[in-house]
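Structure first, commentary second.
2 protein chains.
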Amino acid sequence: MNTERADAARNRIALIATAREMLTDVGIDKITMDALAERSGLGKGTVFRRFGTRSGIFMALLGEGERDFQERVQSGPPPLGPGAEPLDRLIAFGRARLRFLQENRDIARAAFDGRATVPFGPPTTMTQRHVRMLLHHMGIGGGDLDILAMQLTAALDVPPLLYTPPDDGARNEQAFEDRLARGWEDLVRRLIG
Amino acid sequence: MNTERADAARNRIALIATAREMLTDVGIDKITMDALAERSGLGKGTVFRRFGTRSGIFMALLGEGERDFQERVQSGPPPLGPGAEPLDRLIAFGRARLRFLQENRDIARAAFDGRATVPFGPPTTMTQRHVRMLLHHMGIGGGDLDILAMQLTAALDVPPLLYTPPDDGARNEQAFEDRLARGWEDLVRRLIG
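Residue numbers (this note's numbering), protein chains in the order written: chain A, 48 to 240; chain B, 48 to 240.
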């Protein structure tokens with residue numbers, strides 16, 4: 048059992064490292080389950096067990112990058128970190144999350160695949176959990192907080208992944224990100240009435 | 048020019064018909080750009096020009112199904128159709144949209160692909176346009192209505208595509224859809240304060 052777990056952990060580390068190499072060497076579009084299995088020298092079965100689908104590879108890569116971000120949310124300075132009012136934290140979280148998604152856009156887009164579905168249950172992603180907790184602290188009750196957190200997470204995460212500014216220049220990217228951040232602030236302020 | 052347009056329209060109709068046949072005969076996972084080109088007897092170039100990406104095939108299929116739905120929204124009985132208060136129409140729209148996505152779930156999921164991005168501009172989908180119009184009629188102004196409509200469209204469309212109830216049974220599907228519909232109602236009621 049322990050050996051199996053150690054093997055699984057070693058495989059996971061090796062696969063993530065190989066995927067990162069491939070990102071630099073061959074580009075994101077060439078990273079497939081088959082190509083990853085071949086380059087890593089591990090069996091296809093191992094890759095499938097580890098990631099499930101192609102998007103699972105990128106969810107794992109995104110998760111690695113998310114650790115730093117999570118650290119800042121959980122113990123960094125306010126208003127993103129603890130110590131500010133929940134509404135201010137929710138607004139700051141939206142802005143920081145949009146920044147994070149923009150910085151990791153190619154990976155985040157590849158992680159986002161309609162064919163992979165997530166069983167609905169208690170919030171599984173950091174964003175859903177954090178949004179839910181802040182809504183709860185803001186005293187938004189009565190409704191279905193799990194669903195509200197899920198809907199707000201979609202409202203926050205999906206636009207920067209699905210839409211691009213008309214011209215892909217850096218200035219337009221920044222202007223679009225700013226509009227999304229102001230839109231998020233507007234949305235959550237309206238929510239609390 | 049006219050001949051070119053007529054050719055394009057004929058190709059489009061042929062490709063959609065072939066994709067529908069393939070849905071029944073071989074199943075959704077086997078529908079790829081290559082397989083569609085082969086089965087339709089049209090060149091790969093034609094398929095790529097028409098749909099852009101694999102998800103484009105399913106966006107086209109979903110669009111066909113959306114016509115009926117759009118008809119009900121634009122000229123059916125209230126509160127989905129015209130004649131009810133904008134808030135009631137927005138709530139009814141959410142419930143009907145969730146039903147539509149549930150009924151077309153496999154196609155809608157396949158249409159939803161992080162690799163395809165949409166240039167951001169004036170609302171392009173029927174959902175965004177309709178939500179934006181109702182928000183405007185509800186007197187929600189001051190903020191950025193294009194962005195708010197985009198965020199609310201994500202909040203409405205994405206959860207039923209990305210999440211599945213823990214057990215895939217029909218009763219759980221219905222219960223999940225109902226929770227999403229109540230969540231949508233709760234969200235828009237909070238928005239108008």
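Where is the CB? At the ideal position from N, CA and C, for every residue including glycine.
Please classify residue i: is it buried, with 16 or more other beta-carbons within 10 angstroms of its beta-carbon, or exposed?
i       : result
T174(A) : buried
D54(A)  : exposed
S122(B) : exposed
A155(B) : buried
V73(B)  : exposed
Q221(B) : exposed
A196(A) : buried
E113(A) : buried
A201(A) : buried
A228(B) : buried
R144(A) : buried
R52(A)  : exposed
Express the C-alpha separation of residue j and residue i in angstroms, rounding to a whole number.
i       : j       : result
E111(A) : A157(A) : 15 Å
P125(B) : L203(A) : 31 Å
K77(B)  : R96(B)  : 20 Å
G186(A) : F105(B) : 41 Å
P166(B) : P213(A) : 5 Å
R152(A) : V205(A) : 11 Å
L134(B) : R226(B) : 19 Å
T100(A) : M80(A)  : 7 Å
T93(B)  : G103(B) : 13 Å
Q117(B) : Q198(A) : 23 Å
D268(A) : H184(B) : One cannot answer for residue 268(A) here, as it falls past the ends of chain A, which runs 48 to 240.
R59(B)  : L70(B)  : 16 Å
E132(B) : A131(A) : 39 Å
N219(B) : H177(A) : 26 Å
G188(B) : Y210(A) : 23 Å
L83(B)  : G216(B) : 32 Å
R67(B)  : L109(B) : 11 Å
T164(B) : D115(A) : 27 Å
E224(A) : R237(A) : 20 Å
Only counting the same chain, and skipping five residues up and downstream in sequence, which positions put a Cβ closer than 7 Å to that of residue i?
i       : result
S87(B)  : A61, L62, T65
I75(B)  : D153, A157
I170(A) : It is worth fixing the name first, because residue 170(A) is Pro in this sequence and not Ile. Only R176, R179, D193, A196 meet the Cβ criterion.
If I'm right that residue i touches residue j with Cβ under 8 Å, what's the distance once you round it to whole angstroms?
i       : j       : result
L208(A) : F147(A) : Not confirmed; about 12 Å, so no contact.
V120(B) : F140(B) : 7 Å
G230(B) : D233(A) : At roughly 20 Å, the Cβ-Cβ gap does not stay under 8 Å, so G230(B) and D233(A) are not in contact.
Give me the chain A residues within the contact set of residue i, using Cβ-Cβ distance strictly less than 9 Å, ordered along the chain.
i       : result
G230(B) : G190, D191, D193, I194, L195, M197, Q198
F223(B) : F167
Give me the chain A residues within the contact set of residue i, using Cβ-Cβ distance strictly less than 7 Å, ordered along the chain.
i       : result
A201(B) : A201, A202, V205, P206
L234(B) : L195, Q198
How would you list, in chain order, the residues of chain B whose beta-carbon sits under 9 Å from the beta-carbon of residue i?
i       : result
R237(A) : I187, G190, L195, R237, L238, I239, G240
Quick one: list the residues of chain B neighbouring residue i, beta-carbon separation under 7 Å, in chain order.
i       : result
R226(A) : D191, I194
So which residues on chain A does residue i lean against when the C-beta distance must stay under 8 Å?
i       : result
V178(B) : Simply none; closest approach about 12 Å.
Taking Cβ-Cβ distances shorter than 8 Å, what residues in chain B pair up with residue i?
i       : result
V165(A) : L209, Y210, T211
L70(A)  : Near L70(A) there are no residues of chain B at all, since even the closest Cβ is about 15 Å away, more than 8 Å.
Excluding the five sequence neighbours on either side, which residues of its own chain have a C-beta within less than 6 Å of the C-beta of residue i, listed in chain order?
i       : result
L137(B) : L181, V235
If I measure Cβ to Cβ from residue i and keep anything under 8 Å in the same chain, skipping five residues before and after, which residues do I get?
i       : result
L41(B)  : Shown here, chain B extends from 48 to 240; a query on residue 41(B) therefore has no answer.
T172(A) : T200
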